[in-house]
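Peer 1: Residue numbers (the working numbering): -19 to 257. No residue lacks a Cβ here, since even glycine has one placed at the ideal position from N, Cα and C. This structure is in structure tokens; I'll ask about it shortly.
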């Protein structure tokens, strides 16, 4: 909007305000003459239309009040408006349609959803080399190798050949980290962790052996944390060692062997009495 158009807009607003003041007749005049009746900051006012003019250095703003608009006088313009000062009356003017807030007609400070702030303007897409930050609604310059970021030094997505770690894009992961090919992140490296050994189990006779007093006993331990892909693998979690069966355990095997190969037993014959004549 050029200077001539602005002056015309201000002049039109002044005419409207004067017309509102005249149509109220005596009520408007009496209200204007009693400043205590007017809201704070008003130079003149109307009971129906609120402020008609403001005290020096205040901005005149029309607020929606149900089905009608009501004049107010503010020290600064509300969100979505910018202040225009002139010798006659200072007013609040609405920002451009894609601006959520602005400093002036041609300088936005925040954009509506779907637009991104770039050099004071709200664009539907960002220029090459910048990423559209949906959280801040602005075009952000990302770090090297970064495809998406929330601010200049905080990347959220890296190039396909790089890995993300703490907001930075790296070619290789540092010590203590390993690459996740699916997430494209550097993740902490996890080494296997195992618990304590259990006590040795009972001595059990080995099958298919002729050594009746020889056996085996075993013990185990649990995996507490499985390793990551590049982490140190788990050691063995079970052990077996040779043992000797105690006498009680070995006897039952001997008795079975004796049952299979019984020893010959001699019957003791009775002595018959001898009779003499």
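1) Can you name, in chain order, every residue of its own chain whose Cβ lies under 7 Å from the Cβ of residue 200, other than the five neighbours on each side?
2) Straight-line CA distance for residue 81 to residue 103?
3) Count the C-beta pairs between the segment 75 to 95 and the segment 42 to 55 that are closer than 8 Å, then say yes if the count reaches three, no if not.
4) Quick check on the burial criterion: 16 or more other C-beta atoms within 10 angstroms. Buried or exposed for residue 118?
5) Return the bridge partner residues of residue 123 from the DSSP annotation.
6) Short of 7 Å in beta carbon distance, which residues of its chain neighbour residue 157, apart from the five on each side in sequence? Order them along the chain.
7) From the DSSP secondary-structure annotation, give me the bridge partner or partners of residue 65.
8) Out of curiosity, what's the CA-to-CA distance linking residue 213 and residue 207?
9) Please return the same chain residues whose Cβ sits closer than 8 Å to the Cβ of residue 34, not counting the five positions on each side in sequence.
10) Can you check whether the CB of residue 138 is closer than 7 Å to the CB of residue 147?
11) On the three-state DSSP scale, how would you describe residue 179?
12) Report the three-state DSSP secondary structure of residue 203 (helix, strand or coil).
13) Looking at the structure shown, is residue 17 part of a helix, part of a strand, or coil, going by DSSP?
14) Restricting to Cα atoms, I'd like to know which of 211, 210, 215 and 184 is closest to residue 222.
15) Along the chain, where does the beta strand (DSSP E) containing residue 219 start, and where does it finish?
Peer 2: The short version:
1) Here residue 200 has 178, 217 and 218 as same chain residues with Cβ atoms under 7 Å from its own Cβ, once five neighbours each way along the sequence are excluded.
2) Roughly 14 Å between the two C-alpha positions.
3) By the Cβ test, the segment 75 to 95 is not in contact with the segment 42 to 55, since fewer than three Cβ pairs between them sit closer than 8 Å.
4) It is buried - the Cβ of residue 118 has at least 16 other Cβ atoms within 10 Å.
5) The partner list for residue 123 (beta bridge, DSSP) is empty, contrary to what the question assumes.
6) Annotation for residue 157: 145, 166, 167, 168 and 169 place their beta carbon closer than 7 Å to its own, counting only its chain and skipping 5 residues before and after.
7) Bridge partners of residue 65: none, in fact.
8) Looking at the two C-alpha atoms, the distance is approximately 6 Å.
9) If we look at residue 34 and ignore the five residues flanking it on each side, its Cβ neighbours are 21, 22, 23, 40, 53, 69 and 70.
10) Contact flag unset, no.
11) Correct three-state label for residue 179: coil.
12) Looking at residue 203 - three-state DSSP - the assignment turns out to be strand.
13) Helix, per DSSP.
14) Comparing Cα-Cα distances from residue 222 to each of 211, 210, 215 and 184, the minimum goes to 184.
15) Where residue 219 is concerned, the enclosing beta strand (DSSP E) stretches over 218 to 224.
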